[in-house]
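The structure appears below as structure tokens.
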Amino acid sequence: MGAQWKAAGKAANAAARSKIMSKLTKDIIMAAKAGADPNGNARLRAAIESAKKQSLPRDNIERAIKKGAGLLDETITYESVTYEGYAPHRVPVIVECLTDNRNRTTTSVRVLFRKGQLGNSGSVSWDFQHVGL
């Protein structure tokens, strides 16, 4: 009985780690689109540093940089999408997503705004300041 609990715990940890690793890889891919050299691309340098802190293997980092720079023949393209709207109780919310399928992401975001309303571009952004990379 104890082995089953250990296996379930390991599977849960592996799933959580996999989710983190895929997010870090996507961040590197998007940052590498602006340039494959970390010395000239601050966003890429920050993404690589955060990936190294989470122990992402070096070959995965290099493959993600090549994929983002267009040096590999893979056709997966990620795009950055921003949704604005009001959550319940008229709380303004901006959701920034990184997706390979805009339609799937739109339906997922609409579920989050089901009690409020999804607004147009600029309907909420006037109330926020963009700070960061």
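Using our numbering, the first residue of the sequence shown is number 1200, and each one after it goes up by one. Ideal Cβ positions, reconstructed from N, Cα and C, are used throughout, including at glycine.
### Task
Can you grab the Cα-Cα spacing for the pair Arg1309 / Asp1226, in whole Å?
24 Å
Open item on the list: Using only the alpha-carbon positions, how far apart do Ser1217 and Phe1327 sit?
Closed with: 32 Å
key: Proximity winner among Ala1235, Ser1249 and Trp1204, relative to Leu1223 (alpha-carbon distances)   = Ser1249
Would the beta-carbon of Met1220 fall within 8 Å of that of Leu1255? yes
Is Thr1306 a contact residue of the ligand ADP, with contact defined as CB to any heavy atom under 7 Å? Although the ligand ADP was asked about, the structure shown includes no ligands whatsoever.
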